[in-house]
Structures are given as C-alpha cells and as structure tokens.
Amino acid sequence: MALEEQRHCLEGTELPIVIWTDHKNLSYIQSARCLNSRQSRWSLFFYRFNFIITYCPGSKNTKPDALSCLCSTSEEADVPGTIVPEFCVVGAITWDLENRIKQAQIGEPDPGGGPPQRLYVTSAVRSQVIRWGQSSRFSGHPGSSRTIALIRRLLYLSTIPFVVCIYFSHDWLFGEAGCHILLSLNLLTIHSSVFILVAMTLERYQAVAKTFSAHKSCSRSTRLSPVIIWGLAFILTLPMMAMIQLWEGKPTVYGFVKRICFPTWIPECTFKAYLTVLFFTSVLVPRLIIVGFLSTRRKGLKQKVLSTILSIVVVYWACFLPFWGWQLTKLFSLDSLKALSAAAYNYVNFFLKCLTYGNSCINPFLYTLLTQNYKDYLAQKG
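Heads up, the sequence shown is in our numbering, so the first residue is 36 and it goes up one at a time.
The following block contains the structure:
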C-alpha cells in the first residue's frame, strides 16, 4: 500500500530504497525459484521499484508496539492538526537550461504579449527546451516502448493507401523508388513487431523470475533494446530492399504497359535461402521462444492465463503459417501447384494475404474478450 501511494516519488529511482518489514513473503520472493500466481503478481508490481528488503521479525519490533498500546487521557481536538507545516521550502530547483535561455535573450529579447510569469524561449534554444522537456520524468512522455509502437504503427499505416491504390489500378504507379521503400517498410514493421513482442516476453519473464535483480540491467537493456530490435529488422529487410526492381511488361493491344515490383535474385537459390531465413526469424523461432519461456513458468500461472497466452500464439500461427507455407511451396515445389487454375491460384494467394492481415483484427478481440475485466463487465451488465 505504501509503495502504491508513493509511487510517483519512488518509481525510477537510481539508488535502491531500503524497506524494513516483518513480512516473510517479501523476503522469500528474493530467493524463490518457483512462485505461485499471487506471488507472481506481486513480483510484477515490485518490478516497478528499485528497493532492498530488510527482514525484521515482529518480536524485535517492541518499541513501536508498546507505544501504540499506550492509552491517552488527553482530549482530542475536533480538527486534527498536521505534523508537518503547510509550507516548507526544502530546496530551490534550478536548471542550467534556464540560465542559457536568459543568456540567449540578450541577442533576442522578449517581444512581449506572452502569458504573465512565463519565460520567453528564443529560437536558438527551443530545440534544447523540447529535448529537455521530453527527457524529464515529470513530462508525461509515453516512454521508449510506446514511442517505438507508435513509430511502428505509423510506418505500417502509411503503406495502406498505396496497397489500396495498387489493388484497384492493377498497376504499380510509384516508380522504382516506391518498390524499394514501400515494400521494405511493410517487411520492416512485421519483423520489428515480432521482435518487440519477444523482447516484452523476455522482460516480463525477467520481472517475474528475477524481480529484484532485474533492476540492475533494466536501464541498460532498455536503452539497447530499441537499437537491437530495429537494427536486426533493418538487416533482415536490407536484402529485399536491394534486390527488388520495377519490371515492365509488353504493351497490350490498347498500348497499356503493366508494371510490377519483382525481386531479381541471382542465383535463384539465394532467394530461397532468404525467404527460409525470414520464415524462421519472423514466425517460427520467436513464437517458440515465447512458448518456451511460458512453459518454464507454467506452475506459477493460472490455467486461464496459460490458456489465454496459448490461444494468442495459436491464432498467430493459424494466420501466418498458411501464408508462409504457400510461399515456401511456390519456391521449393512449384510443380505441385500446377493442378490449380489461374483463378484458383489468385484466390488462394489473395485469401492467405488477407489471413495475415486478419491477425491484426483478431488480436484486439482476444486481448479484450478473454480478460477478466470484460467478463466482470458482462456480469454487471447482465
């Protein structure tokens, strides 16, 4: 309760906080290898704070108990007073940036007309003020993980209008540069999304399994994770970005020339190897890592939580494995698809592509309908 009440002051502290307690469960979590569901929830809550627990038995805590048992015969006041004064200046907060702003105002004075009791920021130091404000703990910045998610979503959503245009025009209208940029952005966001989910899984596992030691590597791993995730996603996207080119077909009777972005891999076996690597890095291996870490903690998880996570993983595989199986079949066993007509081939290809995008539509329902909050809402509504 004390940590929750004072979380705005205790979260994100660089130096550990010393907590004295007579609760053995808190000290047990430090060295326990297997936690039950309640202790796992406690571990996730304690992961937000950097502290050290010192166990003090109740038998050694005699003085506070003795004082609390003493009766008081004095009459209590109607309005209880406060222990601390209403106003107390602990220390003045000053920033070096404020001095730089005042120095910059010598060359660019305040034009006036602004709000009262506000400091005019010159154009020379505005970028520094913005950077200082976003890096401050009191600014309400969404943090690195949410910022990465917003960037990833923006990159992915920016390609949707181009996909719609290609579908209805049956032609590529964005030139050679569009082939390299637009198709690569789609692949880049897919890989970054998968890697971010794996990173979140590893972080949650670290928070539950090693709650108190996780803070030692938290700040460093938080800074390195975005660089590693986007760097690895970019490396896997780079071959496709380099090898894809714009092809133009022969003019039709009406003079129409169909253009298409097509990968030009020489020899062909390199393209097979590349798609196989993408299949393992974006579909198979990441989900196996998530299932592996989940199986190691299955004793500390409730059956409902376990089934929820497994259902999300199974739905992901159900949406992506058919598409990748289709792509790998076209590469390694194209003769087996010759029995399909051209119309059936196009329908299957279109359906499997829609199935992969459908995973993004199904996930919000899974995250909502399978939660206890939604079940409680239905119970209250009914």
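Quick reminder that beta carbons are idealized off the backbone N, C-alpha and C, glycines included.
Asked	Found
CYS296, enclosing beta strand (DSSP E) - first and last residue	294-298
Beta-carbon spacing of TRP207, ILE295 below 7 angstroms	yes
Bridge partners - GLU283, DSSP secondary structure assignment	ARG294
Buried or exposed by the 16-neighbour rule on C-beta atoms within 10 Å, applied to TRP359	buried
Where TRP265 sits in the DSSP three-state scheme	helix
THR89, enclosing beta strand (DSSP E) - first and last residue	86-90
Whole-angstrom distance between HIS43 and ALA37, CA atom to CA atom	11 angstroms
Close-in-space but distant-in-sequence residues of the same chain around PHE86 (CB under 6 angstroms, 5 per side omitted)	PRO51, ILE52, ILE54
Residues bridged to THR56 [DSSP beta-bridge criterion]	TYR90
Distance between SER204 and THR391 (C-alpha atoms, nearest Å)	22 angstroms
As assigned by DSSP and simplified to three states, the class of GLN362	helix
PRO395 burial status per 10 Å Cβ neighbour count (16 or more: buried)	The amino acid occupying residue 395 in the given sequence is Ser; Pro does not appear at that position. Result: exposed.
Enclosing alpha helix (DSSP H) for TYR202 [first to last residue]	195-204
Neighbour-count burial assignment, LEU271, 16 or more Cβ in a 10 Å radius	buried
Straight-line Cα distance separating LEU259 from LEU387	35 angstroms
Cβ pair CYS91, ASP57 closer than 7 angstroms	yes
Cβ of PRO321 within 7 angstroms of any chain C Cβ	This model lacks chain C altogether, as it is built from one protein chain only.
Under the three-state DSSP convention, the category SER78 falls into	helix
Rounded separation between ALA212 and PRO286 - CA only	22 angstroms
CYS214 burial status per 10 Å Cβ neighbour count (16 or more: buried)	buried
Cβ pair TRP421, MET275 closer than 7 angstroms	The structure shown does not extend to residue 421, since the chain is modelled only from 36 to 417, so the question has no answer here.
PRO321, buried or exposed, once every other Cβ within 10 Å from all chains shown has been counted against 16	buried
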